[in-house]
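What follows is one structure encoded as structure tokens, with my remarks underneath.
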Amino acid sequence: MSKSKDSPSTEGETEEEYSVEKVLDRRVVKGKVEYFLKWKGYSNEENTWEPEENLDCPDLIAQFEEARKKKEAAAASKRTEEKEQKKRKSSSTPTPTQSKKKATEEKKAEGFDRNLDPERIIGATDSSGELMFLMKWKGTDDADLVPARIANEKCPQIVIRFYEERLTWHNPVHDDEGGHKPDPE
1 MSKSKDSPST EGETEEEYSV EKVLDRRVVK GKVEYFLKWK GYSNEENTWE
51 PEENLDCPDL IAQFEEARKK KEAAAASKRT EEKEQKKRKS SSTPTPTQSK
101 KKATEEKKAE GFDRNLDPER IIGATDSSGE LMFLMKWKGT DDADLVPARI
151 ANEKCPQIVI RFYEERLTWH NPVHDDEGGH KPDPE
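First residue of the sequence shown: 1, per the UniProt record's numbering; consecutive thereafter.
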């Protein structure tokens, strides 16, 4: 249950030995197993990760590994049990409140289907593969993602204003003589 700490060998200096109090955790770094150790006679701030090959505490490692396997098995059975409960719940007949919730969620209109007037475009994204505008609606704090092709048809002036607000103008580049460089043709 100890680890020797090698220090540069000089005559008269002895090798220090540390005793492991408890194995706290395990990890694999670059294919090598390391254990997080609590050292006897030292505070938790002194706990360290040590490679398995440097350790001489097989009983403590075995004890830790057994406890870890039990925890993993318990967690796996709990996950399986939760899945089974979800399956049972979903296969049972929904209560009236559940079916009402589903109906209102399915019927919840978005975008122009809400019959609200667009106020402005807050931003744009194409993360879904299609250009979408984040549209702010008049009279509400709500905003919805709306396909740009639909916004272009239903509110072209708002789309134009969005683009105009983001235009940047660049001054032409001048040459050394103070004149303008000719435009490439």
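For each residue, glycine too, the CB sits at the ideal point set by N, CA and C.
Please determine, among D59, S128, K138, the residue with the shortest C-alpha to C-alpha distance to L145.
Closest option to L145, Cα to Cα, is S128.
Helix or strand or just coil, what does DSSP make of A109?
Judged by DSSP in its simplified three-state form, A109 adopts coil rather than helix or strand.
In this structure, how does DSSP classify S43 when only helix, strand and coil are distinguished?
coil
Taking just the CA atoms, how far does T168 sit from M132?
21 Å
At a cut of 8 Å, does the stretch 56–73 reach the stretch 13–29 through at least three beta carbon pairs?
yes
Less than 8 Å between C-beta atoms, sequence neighbours within five positions excluded: which residues of the same chain meet that for residue 190?
Residue 190 lies beyond the stretch modelled for the chain, which goes from 1 to 185, so this question has no answer here.
On the three-state DSSP scale, how would you describe P51?
strand
Throw me the rounded Cβ distance for the I158 and R120 pair, which I believe falls under 8 Å.
6 Å
As a quick exercise: from K30, G139, R149, A124, pick the residue whose alpha carbon is nearest that of R114.
G139
Less than 8 Å separating the beta-carbons of N47 and L37?
yes
Whole-angstrom distance between V28 and V173, CA atom to CA atom
57 Å
By Cβ distance below 6 Å, which residues in the same chain neighbour F162 in space, the five residues on each side in sequence not counted?
I121
Please specify which runs of the beta strand (DSSP E), each continuous and at least 3 residues long, are wholly inside the stretch 118–156, giving them in chain order.
118–125, 132–137, 143–147
Rounded straight-line distance, which links the Cα of I150 to that of E110
13 Å
Going by C-alpha distance, which of W39, E45, Y35, K70 is nearest E53?
Y35
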